[in-house]
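Engineer:
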Amino acid sequence: MNFPSDFIRFLTTAEQVVVLTGAGVSQESGLRTFRDAQTGLWAQYKPEDLASPEAFARAPKLVWDWYAWRREAIKGARPNPGHYALVEMENRIPNFTLITQNVDGLHRFAGSKNVLELHGNIQRVRCSECGMFTETWGDDTEAVPVCHECGGLLRPDVVWFGEALPRGELEAAVRAARACQVFFSIGTSGVVQPAASLAHAARNNGSVVVEINAEPTPLTPRVDYAFHGKSGELLPELVKAVWRN
Ligand code: APR
67 MNFPSDFIRF LTTAEQVVVL TGAGVSQESG LRTFRDAQTG LWAQYKPEDL ASPEAFARAP
127 KLVWDWYAWR REAIKGARPN PGHYALVEME NRIPNFTLIT QNVDGLHRFA GSKNVLELHG
187 NIQRVRCSEC GMFTETWGDD TEAVPVCHEC GGLLRPDVVW FGEALPRGEL EAAVRAARAC
247 QVFFSIGTSG VVQPAASLAH AARNNGSVVV EINAEPTPLT PRVDYAFHGK SGELLPELVK
307 AVWRN
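Count the sequence shown with my numbering and you get residues 67 to 311, in order.
(1) How many angstroms separate the CA atom of Gly96 from the CA atom of Asn168?
(2) In whole angstroms, what is the alpha-carbon distance linking Pro126 and Pro222?
(3) Report the CB separation of Val275 from Phe293 in whole angstroms; it is logged as a contact under 8 Å.
(4) Going by DSSP, what residue range makes up the beta strand (DSSP E) through Arg192?
(5) How would you label Glu114, buried or exposed, when you count the other beta carbons within 10 angstroms and need 16 or more for buried?
(6) Sort out for me which residues DSSP pairs Tyr291 with in a bridge.
(7) Measure the CB-CB distance between Ala267 and Arg233 and report whether it falls below 7 Å.
(8) Scan the segment 166–240 and note each continuous beta strand (DSSP E) run of 3 residues or more that stays entirely inside, going in chain order.
(9) Determine the direct distance from the alpha carbon of Trp130 to that of Glu215, and round the result to whole angstroms.
(10) Output needed for Trp305: all residues of its chain with C-beta closer than 7 Å, excluding positions within five of it in sequence on either side, in chain order.
(11) Taking DSSP as the reference, what is the three-state secondary structure of Val308?
(12) In chain order, what residues of the same chain have a beta carbon less than 7 Å from the beta carbon of Trp203, not counting five sequence neighbours either side?
(13) Starting from the C-beta of Ala261, find all residues in its chain whose C-beta is less than 6 Å away, skip the five residues before and the five after it, and write them out in chain order.
(14) Start and end of the beta strand (DSSP E) containing Thr254?
Written out as structure tokens, the structure is:
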């Protein structure tokens, strides 16, 4: 990709950069995205049938098993060159914030430090009643495991449709978006709120907004630069062009 020279020059001097990532960044690690037609996780289900408190109340075992299946899929996944390029960007830029909608933990696994997990982390499990976190639970495949403390059903520590995002992470994400010089939206369809509003908060603050995504999204018409392609290819090329030429 030939990145515009003014863009390269701007990035070399940028002090405050924010990156928002979505499932597209983990696609080249072999993990399905949500809305890619036919291959996405939602292709066979509707989100409200699996990722909502109502779904869990209605069919806790189906929801628990779906997340167990996703945890298994993530177990074999490794960060891809896109994750590692973001680690290098964090090391090169004085004030760098990585906000992710992904629950797979691959950014931290790759070495990113300042990560805000807006939608939680699928490897963490908590009690749906008392909120106690746990790393271990029974392996009875017939029933949803229960909390050692109160007997409540355990659930993945991810944000479901209709639930509030973790307050601290969201406030930090909004603060960072409002203060940055460059805001990247990478591998996300930009349709789920409030994450999708961060790019607009940055734009209203006068930030340069950049999209790196496999295909155009509703955000594309409102960004300063749109690079369409695979993040696992474009991000290493960008890091090379800016910091290793
Ligand atoms: N490189 C870059 N972009 C990619 C790649 C890739 N290799 N593969 C797919 N994409 C793009 C797709 O074109 C799509 O626009 O990544 C985007 C993924 O969009 P979604 O599947 O909607 O995932 P995401 O934006 O992360 O969803 C946001 O919605 O379902 C909820 O909580 C869930 O965090 C998720 C949120």
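Beta carbons are placed, not taken as given, at the ideal position from N, Cα and C, and that holds for glycine.
Structural biologist: With the structure as the only source:
(1) The alpha-carbon atoms of Gly96 and Asn168 are separated by roughly 14 Å.
(2) Between the C-alpha atoms of Pro126 and Pro222 there is a straight-line separation of about 11 Å.
(3) Distance from Val275 to Phe293 at the Cβ level is roughly 12 Å; contact not present, criterion being Cβ atoms closer than 8 Å.
(4) Taken as a continuous stretch (DSSP letters only), the beta strand (DSSP E) holding Arg192 covers Gly186 to Cys193.
(5) Exposed: under 16 other Cβ atoms inside 10 Å.
(6) DSSP lists Val276 as partners of Tyr291.
(7) Cβ atoms of Ala267 and Arg233: not closer than 7 Å.
(8) Whole beta strand (DSSP E) segments, 3+ residues: 181–183, 186–193 and 220–224.
(9) CA-to-CA, the gap between Glu215 and Trp130 works out to about 19 Å.
(10) According to the sequence displayed, residue 305 carries Val and not Trp. Result list for Val305: Ala151, Glu154 and Met155, in chain order.
(11) It is helical.
(12) These residues qualify, in order along the chain: Val191, Pro211 and Leu220.
(13) Within its own chain, the residues whose Cβ lies closer than 6 Å to the Cβ of Ala261, once the five positions on either side in sequence are excluded, are Gln167 and Leu184, listed in chain order.
(14) Counting along the chain, Thr254 falls outside any beta strand (DSSP E), and DSSP gives it neither H nor E.
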